[in-house]
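Residue 454, in the numbering used here, is where the sequence shown stops; the numbers in between run on with no holes. Every residue gets a Cβ at the ideal spot worked out from N, C-alpha and C, and that includes glycine. Presented below is the structure to which this report refers.
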Amino acid sequence: MANQPHQNRNAPRNIAIGGVTSALALVILLLGGYVPVGTYVAPILAGLCLMPIAMDIGRRTALVAWAAVSILSFLLVPDIELVLFFILLFGYYPVLYPQLNKIKNRVLRYAVKFLLFNAVVAVVYVLLFFVFSSPQLLEDIATSATLFWVSLIVVGNIIFLLYDFLIDKVRIIYIHRIRRYIFK
């Protein structure tokens, strides 16, 4: 049961689970704009909400849920930085996580993960700077020292490493404590 998706066994239940977890992810993203660290925490939590879909219904369905939440969050969530982090990384990362962990060489596996994270961070801030032209971001960049931005990148990578570790723990908790209540 641990590795078998419940795709055909109970389609109405799967649709309900997909809808509820997607709605929960969207609510978390909406609330993220009201908490000071929500810009970075909300996309992480919202992505974790979609993990049960990937594990028990299927990766393709999880990606459809991610796309739906991404579109709705882009339309409804006022914090564009939060939305971009969800759309470009944290929303699909729990779906991608098992595939990345199939890379046998540990150094290569973490190199790929950190390359993905840093590339997404760069894309998010390029989009914010050039496409969405956030006046707040322009002011922050102009008034901040280079050391601040370097330390922010280092801290971001450390938090991403903790997030990567957290996904594994959340998967274990889900498998052993939560899944049985959803799929009786």
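The beta carbons of Phe-356 and Gly-308 sit no closer together than 8 Å. Sorting Arg-441, Ala-312 and Lys-439 by C-alpha distance to the C-alpha of Ser-343 places Ala-312 at the top. Thr-413 is classed as exposed because its beta carbon has fewer than 16 other beta carbons within 10 Å across all chains shown.
In the three-state reduction of the DSSP assignment, Pro-306 falls in the coil class, being assigned neither a helical nor a strand state.
Judged by DSSP secondary structure, Tyr-367 falls within the alpha helix (DSSP H) whose first and last residues are 363–370. Residues Gly-288, Ser-292, Leu-320 and Ile-323 of the same chain have their beta carbon placed closer than 6 Å to that of Ala-335, with the five preceding and five following residues left out of the count. Secondary structure at Gly-328: coil, using DSSP grouped into helix, strand and coil. In terms of Cα proximity to Ala-286, the closest of Leu-370, Gln-369 and Asp-326 is Asp-326.
Val-339 sits close to Gly-361, with the two beta carbons spaced by under 8 Å. Residues of the same chain with a CB within less than 8 Å of the CB of Pro-348, apart from the 5 flanking positions on each side, are Gly-303 in chain order. If you ignore the 5 residues before and after Ala-332, its C-beta comes within less than 7 Å of the C-beta of Leu-320, Ile-323, Ala-324 and Val-365, all in its own chain and listed in chain order.
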